[in-house]
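K.L.:
Once you've had a glance at the structure underneath, I'll fire off some questions.
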Amino acid sequence: PYPTDRAKGTLYEGGVRVPLLVAGAGVAHPGRESSALVHLTDVFATLLELAGSGPAAAPLAGVRHDSRSLQPILSDLPFRPALPGILSENFGSTVPDTVAGRAAWDERFKLIQFASGTFELYDLSTDPVESRNLLAGAALSAEASAAVARLKGWLSNWADRKSTRLN
Numbered sequence: 268p269y270p271t272d273r274a275k276g277t278l279y280e281g282g283v284r285v286p287l288l289v290a291g292a293g294v295a296h297p298g299r300e301s302s303a304l305v306h307l308t309d310v311f312a313t314l315l316e317l318a319g320s321g322p323a324a325a326p327l328a329g330v331r332h333d334s335r336s337l338q339p340i341l342s343d344l345p346f347r348p349a350l351p352g353i354l355s356e357n358f359g360s361t362v363p364d365t366v367a368g369r370a371a372w373d374e375r376f377k378l379i380q381f382a383s384g385t386f387e388l389y390d391l392s393t394d395p396v397e398s399r400n401l402l403a404g405a406a407l408s409a410e411a412s413a414a415v416a417r418l419k420g421w422l423s424n425w426a427d428r429k430s431t432r433l434n
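When we follow our numbering, the leftmost residue of the sequence shown carries the number 268, and every step to the right adds one.
In structure tokens, the structure reads:
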């Protein structure tokens with residue numbers, strides 16, 4: 268359902284939301300679906316746990332990471348993600364400025380910050396294909412305004428953590 272300008276290689280749902288399929292021993296109730304927000308980094312802790320280890324025993328012991336094992340989801344138990352939402356970025360020498368940037372989202376709202384400094388906000392519960400930028404129209408609801416502040420905070424904290432790691 269995604270147009271080309273909102274598909275692979277973008278920060279829109281068509282570019283970042285992909286299904287994660289898991290099969291094998293230890294998967295409770297095969298064939299079911301989970302709506303949990305997970306990130307590729309969570310596969311790290313999951314594989315270590317399935318191998319009978321954990322991130323603390325990994326070769327990168329002592330290195331800060333945001334990975335959480337998906338084992339609770341596989342066992343059909345509640346899952347607590349490392350972060351209250353998902354963070355993603357799209358930068359590189361071949362990425363045009365019109366799509367480069369960062370995005371943060373929770374189970375309802377998604378905020379995209381482009382490299383140009385502009386922002387877009389979407390309510391994924393009512394607009395899953397991101398066709399209506401809430402920042403380009405009427406006044407925001409109190410809930411959407413709170414989401415903007417929260418998600419901008421996540422983006423800022425994430426940028427600070429990345430620059431700390433790189434220095």
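Where a beta carbon is used, it is the ideal one built from N, C-alpha and C, also for glycine.
Mind reading off the beta-carbon distance from Ser342 to Ala290? Whole number of angstroms is fine, and I expect it under 8 Å.
P.N.:
As a first step, residue 342 must be located in the sequence shown, where it is residue number 75. As a first step, residue 290 must be located in the sequence shown, where it is residue number 23. The Cβ separation is near 14 Å, so there is no contact.
K.L.:
Can you list, in chain order, the residues of its chain whose CB lies under 6 Å from that of Leu418, leaving out five sequence neighbours each side?
P.N.:
Along the sequence shown, read from residue 1 onward, the residue named residue 418 stands at position 151. For Leu418, where only same-chain residues beyond five positions count, the Cβ hits under 6 Å are Ala371, Leu378.
K.L.:
Let me know if Leu288 comes out buried or exposed under the rule of 16 or more other beta-carbons within 10 Å of its beta-carbon.
P.N.:
Working through the sequence shown from its first residue, we reach residue 288 at position 21. The residue in question, Leu288, is exposed, as its Cβ has fewer than 16 Cβ neighbours within 10 Å.
K.L.:
I need the straight-line Cα distance from Arg273 to Gln380, nearest angstrom please.
P.N.:
Reading the sequence shown from its first residue, position 6 is the one you call residue 273. Reading the sequence shown from its first residue, position 113 is the one you call residue 380. Straight-line Cα distance between these residues: approximately 15 Å.
K.L.:
Name the residue from Ile340, Leu317, Asn357, Val305 whose alpha carbon lies nearest to the alpha carbon of Ser334.
P.N.:
Position 67 of the sequence shown holds residue 334. Selected option, being the one with the closest Cα: Val305.
K.L.:
For Asp309, is the classification buried or exposed, using 16 other Cβ atoms within 10 angstroms of its Cβ as the cut-off for buried?
P.N.:
As a first step, residue 309 must be located in the sequence shown, where it is residue number 42. Answer is buried; the Cβ neighbour count reaches 16.
K.L.:
In this structure, what does DSSP give as the bridge partners for Trp372?
P.N.:
Counted from its first residue, the sequence shown places residue 372 at position 105. DSSP lists Ile353, Lys377 as partners of Trp372.
K.L.:
Rounded C-beta distance between Leu388 and Leu402? I'm assuming under 8 Å.
P.N.:
Numbered from 1 along the sequence shown, position 121 holds the residue referred to as residue 388. Numbered from 1 along the sequence shown, position 135 holds the residue referred to as residue 402. Contact flag correct, Cβ pair sits at about 5 Å.
K.L.:
I need the boundaries of the alpha helix (DSSP H) containing Leu337, first residue and last residue.
P.N.:
Position 70 of the sequence shown, counted from the first residue, corresponds to residue 337. Note, Leu337: premise wrong, no alpha helix (DSSP H); not H, not E.
K.L.:
Whole angstroms are fine: how far does the CA of Ala292 sit from the CA of Pro399?
P.N.:
Your numbering for residue 399 matches position 132 in the sequence shown. Your numbering for residue 292 matches position 25 in the sequence shown. The sequence given here has Arg at residue 399, not Pro. Cα-Cα distance, rounded: 42 Å.
K.L.:
What residue from Trp425, Arg369, Gly298, Ser301 has the CA that sits closest to Gly384's CA?
P.N.:
Working through the sequence shown from its first residue, we reach residue 384 at position 117. For the residues Trp425, Arg369, Gly298, Ser301, the minimum Cα distance to Gly384 belongs to Arg369.
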